[in-house]
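Residue numbers (this note's numbering): 5 to 200. Contents: one structure, followed by commentary.
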Amino acid sequence: MFDGLYKCEYRAGAVLNRSVMHVRGGRMLGGNSAFAHVGSYEEIDGVIVGRVAGQRHAMNPEVRQLYGADDDELILRGRAVGDSYHFDASPVRLPDQVMHSVMTSLDEESLPPPGKVGNGGIPNGLYGLRIRALDGIDGGLTGVMLLEDGRMLGGDAFFYYLGSYSSADNRWRGEIVNQEHTAARDAIFGGYEVGI
């Protein structure tokens with residue numbers, strides 16, 4: 005079954021990038037430190053066929069565009085290979101260019117039970133995220149976070165986040181655990197599992 009939270013590694017020519025992607029019920033929602041990825045898919049005879057659009061949510065000069073545009077839409081085809089899914093994708097505007105991608109499942113077992121969402125609660129959706137350290141520590145993270153019915157799933161090019169939240173009356177409170185999916189050099193949380 006394709007549903008779940010994945011680490012994505014993708015290459016287009018000399019550009020290598022990573023992100024996280026939550027996949028369920030025909031929807032693909034994810035991103036990294038600079039881009040959100042939103043798409044849809046269907047499974048046809050063991051082949052996954054879909055479209056994913058990118059949208060820049062943060063100006064991070066270290067995260068390069070794959071094909072020179074912040075808002076490319078990709079057409080993708082792939083299948084399961086062992087524990088991963090392998091895809092070939094091409095931008096709609098540059099159909100002769102091919103990007104290769106591998107999606108590897110991440111652990112969702114430690115996801116806590118969902119919180120309660122009442123009237124006036126924060127709406128379900130994919131949000132850009134910025135985490136800044138306090139107490140004079142220089143550093144932080146940017147990424148994406150999917151809020152869905154009291155659960156939080158998200159991440160960036162090196163980390164993934166699992167958590168829960170409660171929300172009502174225009175207020176919300178949540179907790180996440182930040183874990184590495186790819187070794188991060190010089191990151192504020194590099195090498196640590198951090199609860200926030």
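Glycine is no exception: its CB is placed at the ideal position from the N, C-alpha and C atoms. Here the structure is a predicted model, which means the values were calculated and not measured.
Under 6 angstroms Cβ to Cβ from residue 100, same chain only, skipping five residues before and after it: list those, please.
none
Between the C-alpha atoms of residue 132 and residue 7, what's the straight-line distance to the nearest angstrom?
22 angstroms
Considering Cα atoms alone, identify which of 111, 83 and 40 is closest to residue 54.
Of 111, 83 and 40, the smallest CA-CA separation from residue 54 is found for 83.
DSSP three-state call for residue 187: helix, strand or coil?
coil
With DSSP run on the structure shown, which of helix, strand or coil describes residue 97?
coil
Helix, strand or coil for residue 29? Go by DSSP, reduced to three states.
coil
Smallest Cα separation from residue 116: which of 85, 104 and 156?
156
Between the CA atoms of residue 16 and residue 177 - distance to the nearest angstrom
39 angstroms
Neighbour-count burial assignment, residue 127, 16 or more Cβ in a 10 Å radius:
exposed
Leaving aside the five residues before and after residue 31 along the sequence, list all residues of the same chain whose C-beta is less than 7 angstroms from its C-beta, in chain order.
44
Ends of the beta strand (DSSP E) at residue 157?
155-159
Presumed contact (8 angstroms Cβ cut-off) between residue 11 and residue 150, rounded CB distance:
With 8 angstroms as the limit, residue 11 and residue 150 do not qualify as a contact, their Cβ atoms being about 15 angstroms apart.
Do you know offhand how far residue 121's Cα is from residue 179's?
14 angstroms
Between which two residues does the beta strand (DSSP E) containing residue 78 stretch?
77-85
Who are the Cβ neighbours of residue 167 in its own chain at under 6 angstroms, not counting the five residues just before and after it?
156, 178, 179 and 180
Under the three-state DSSP convention, the category residue 126 falls into:
coil
Residue range of the beta strand (DSSP E) that includes residue 104:
103-109
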